[in-house]
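The structure under discussion appears below in the form of structure tokens.
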Amino acid sequence: MMLLMAGVFTPATIMGQDGQNPVRYSSIAQQLSTVNVNGDANAGVLPSVAVQNGFGSFLDNPASMALINKSYFNTSFISNYDEQSSSYLGNSSSFDNNRSQFGNIGLIYSVPTNQGSLVVGGGYTLNTQINRTNVLSGYNETSTITDVFKNESSDYNNIAFEAYAIDYANDEQTTLESIFRIGFTPATFPGIQQQAEIKQRGSVGEYSIFMATELQKNLFLGASLGVTYGNFSYNRFFLERDTRDAYDGDFIDTDSEGNGGTDIADISLEDEFNSEIVGTNVRAGLLYKLFPNVNIGASVLLPTKFVITEDYYSEIITNLDDGRTPFGDSYSGEFSYSIRQPGQLSLGLALEDLNGFTLSSSIELIDYRSTSINLTRDNNLEFRAVANLREQEAVFDSVVNADYNLVTNLKAGFKYQSKTGFELRGGFGFLPGKSSSYTADKYILSGGLGIPLSRELYLDITSQYTRWNDRSVLYEYFDSQSGQERFESIDETISRLNFMVGFKYRF
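As numbered in this note's numbering, residues 718 to 1224 make up the sequence shown, in order.
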């Protein structure tokens, strides 16, 4: 089985979001299917459920595209700066990282009509960005990551035994224990120095086509069809070192005669997996002009299926005090499964062009509890494997129902347009944390400019700042002394600054 399988049932490792463990399928599912950016520099500030704000407006409501009266080509680039402050075992650390990539490219064509409007278009838009790095260090006097390995259902179990990270704790060889706990009672566990670096990178975007029309006077309808494609990579290096020489002994046989000779210097765990995400989505919406300057809108994103294919690799290496050849083992493979993303209902109200000012607001309703998973896509699986995977799907459903919520995202913004076409934009968003086990609400502040460079060429500049607190479960393990599942976690404060530049060429 694979690393992510361990995350559902066995004590898994790695950093998560919303207070969760990211190698659980529940966390991966929510992370990969959550829209957190609009790659269009024009549409990235104001909600577009009841008014249009450029090419990316179809993500909020495809009906808003019918308000566009000129054809144009659009493209944008995005650069983000992420800063993370972490606290683990009383030690604080911080890390920052930059990443730049393509935001969107698209074409909008306003079809000439005798009355009303008809707008068609298509292109690519980035809508999910993952860019996290965590560095941690501390002396742990309570647990060790090798506590994870001794669980027989853990994917690490076999390679940990071969790497001498776990061993039999009794002469009958019936019980496995962490190599750092053998010979000590739980109350006298001497602890271990821990260091880790975890990197998560990913981007998901969609190739879409859309159409919007004024069906009758002041009533606009629209729909879009998209093909989602993206990738996600996870790399983690976790090191435990006997810096205090607490395990000074000769219990490891080095001469094949049973005379002993050395002990453990350090144990490292390296994990790497790369995922490819493919899916399709359908949106539909309507927009109605109640009055010349008052619009209301509604749109729905239907539940979306993502197919995820993963390549994974894990390796454990145990170095010895006397410098002899280390013990080590690894496993690798690939796995494919699918996730059903929850649908989304968006409602919006806009006051449009009041002496050059436009005010727009929206609410988004998303029930993350309706996320589901299919682990049995592979037709070549044996029946026993299928039965086991279906049990894991049931556990996934129970985890999602217990840990996630129905959320209401709130967004609002304003735009001022001068007679020369210059635009000043500002926006605010509040996104409640989707986990019920930990509060990780996000606050978003946005600002931007629209600058006409000529009659045909238009420049958009947007900045967006997001900040939230989080807790990440580093690993979970079974505490044999209390008979309870326990976990180690770190507290985080995360800040992200997005900077986008876009160009429109009208024709």
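Just so you know, even glycine gets a beta-carbon here, dropped at the ideal spot from N, CA and C.
State the beta-bridge partners of residue i as determined by DSSP.
{"i": "residue 955", "result": "913, 986"}
{"i": "residue 1198", "result": "In the DSSP output, where bridge partners are listed per residue, residue 1198 has none listed."}
{"i": "residue 1183", "result": "1161, 1213"}
{"i": "residue 797", "result": "816, 1215"}
{"i": "residue 938", "result": "930, 1003"}
{"i": "residue 961", "result": "The partner list for residue 961 (beta bridge, DSSP) is empty, contrary to what the question assumes."}
{"i": "residue 991", "result": "950, 1028"}
{"i": "residue 998", "result": "943"}
So, under 8 Å CB-CB, residue i and residue j are touching, yes? Tell me the CB distance rounded to an integer number of Å.
{"i": "residue 774", "j": "residue 826", "result": "15 Å between Cβ atoms; not a contact."}
{"i": "residue 966", "j": "residue 980", "result": "5 Å"}
{"i": "residue 779", "j": "residue 1016", "result": "7 Å"}
{"i": "residue 810", "j": "residue 794", "result": "With a Cβ gap of about 31 Å, residue 810 and residue 794 do not count as contacting."}
{"i": "residue 791", "j": "residue 772", "result": "4 Å"}
{"i": "residue 1059", "j": "residue 1083", "result": "6 Å"}
{"i": "residue 1162", "j": "residue 1145", "result": "6 Å"}
{"i": "residue 857", "j": "residue 908", "result": "6 Å"}
{"i": "residue 844", "j": "residue 761", "result": "Not really, about 11 Å apart at Cβ, beyond 8 Å."}
{"i": "residue 797", "j": "residue 1215", "result": "5 Å"}
{"i": "residue 886", "j": "residue 894", "result": "4 Å"}
With DSSP collapsed to three states, give me the class of residue i.
{"i": "residue 720", "result": "Per-residue confidence for residue 720 stands at a pLDDT of 32, beneath the threshold of 50, marking its modelled position as unreliable; no derived number is given."}
{"i": "residue 1205", "result": "strand"}
{"i": "residue 1223", "result": "strand"}
{"i": "residue 756", "result": "coil"}
{"i": "residue 789", "result": "strand"}
{"i": "residue 889", "result": "coil"}
{"i": "residue 1170", "result": "coil"}
{"i": "residue 784", "result": "helix"}
{"i": "residue 763", "result": "coil"}
{"i": "residue 1217", "result": "strand"}
{"i": "residue 1212", "result": "strand"}
{"i": "residue 1191", "result": "strand"}
{"i": "residue 1092", "result": "coil"}
{"i": "residue 773", "result": "helix"}
{"i": "residue 979", "result": "strand"}
{"i": "residue 882", "result": "coil"}
{"i": "residue 1156", "result": "coil"}
{"i": "residue 739", "result": "Residue placement at residue 739 is poorly supported in this model, since its pLDDT is 39, which falls under 50; the coordinates still yield a value, given next. Here residue 739 sits in coil by DSSP."}
{"i": "residue 1137", "result": "coil"}
{"i": "residue 1087", "result": "helix"}
Could you tell me which of the options sits nearest to residue i, measuring between CA atoms?
{"i": "residue 1178", "options": "995, 1108, 1219, 1036", "result": "1219"}
{"i": "residue 1155", "options": "1133, 1110, 1209, 762", "result": "1209"}
{"i": "residue 1138", "options": "1153, 1149, 1170", "result": "1170"}
{"i": "residue 955", "options": "1191, 869, 1195", "result": "1191"}
{"i": "residue 837", "options": "1127, 843, 828, 904", "result": "828"}
{"i": "residue 870", "options": "1109, 850, 845, 1162", "result": "1109"}
{"i": "residue 805", "options": "777, 855, 762", "result": "855"}
{"i": "residue 848", "options": "835, 948, 926, 900", "result": "948"}
{"i": "residue 709", "options": "933, 991, 1151, 784", "result": "Shown here, the chain extends from 718 to 1224; a query on residue 709 therefore has no answer."}
{"i": "residue 1076", "options": "891, 1224, 988, 1131", "result": "1131"}
{"i": "residue 1011", "options": "946, 916, 1078", "result": "1078"}
{"i": "residue 1057", "options": "1193, 1183, 1091, 1103", "result": "1091"}
{"i": "residue 1061", "options": "900, 1070, 1042, 1019", "result": "1019"}
{"i": "residue 1047", "options": "1024, 1221, 987, 1105", "result": "987"}
{"i": "residue 1071", "options": "873, 1133, 1036", "result": "1133"}
{"i": "residue 1224", "options": "865, 1037, 1172, 1036", "result": "1172"}
{"i": "residue 799", "options": "815, 914, 1143", "result": "815"}
{"i": "residue 1128", "options": "1116, 783, 1080", "result": "1080"}
{"i": "residue 911", "options": "1037, 783, 1064, 853", "result": "853"}
{"i": "residue 1031", "options": "1022, 1045, 1023", "result": "1045"}
Go to residue i, then tell me how far its alpha helix (DSSP H) extends in each direction, as first and last residue.
{"i": "residue 1116", "result": "1100–1120"}
{"i": "residue 1067", "result": "Unbroken run through residue 1067 is the beta strand (DSSP E), 1061–1071; no alpha helix (DSSP H)."}
{"i": "residue 878", "result": "874–879"}
{"i": "residue 863", "result": "863–866"}
Can you tell me where the beta strand (DSSP E) holding residue i begins and where it ends?
{"i": "residue 1037", "result": "1021–1037"}
{"i": "residue 852", "result": "835–857"}
{"i": "residue 1142", "result": "1140–1148"}
{"i": "residue 1133", "result": "1123–1134"}
{"i": "residue 816", "result": "808–828"}
{"i": "residue 1052", "result": "1044–1058"}
{"i": "residue 1075", "result": "1074–1084"}
{"i": "residue 899", "result": "Per DSSP, residue 899 belongs to no beta strand (DSSP E) and is neither H nor E."}
{"i": "residue 1014", "result": "1011–1018"}
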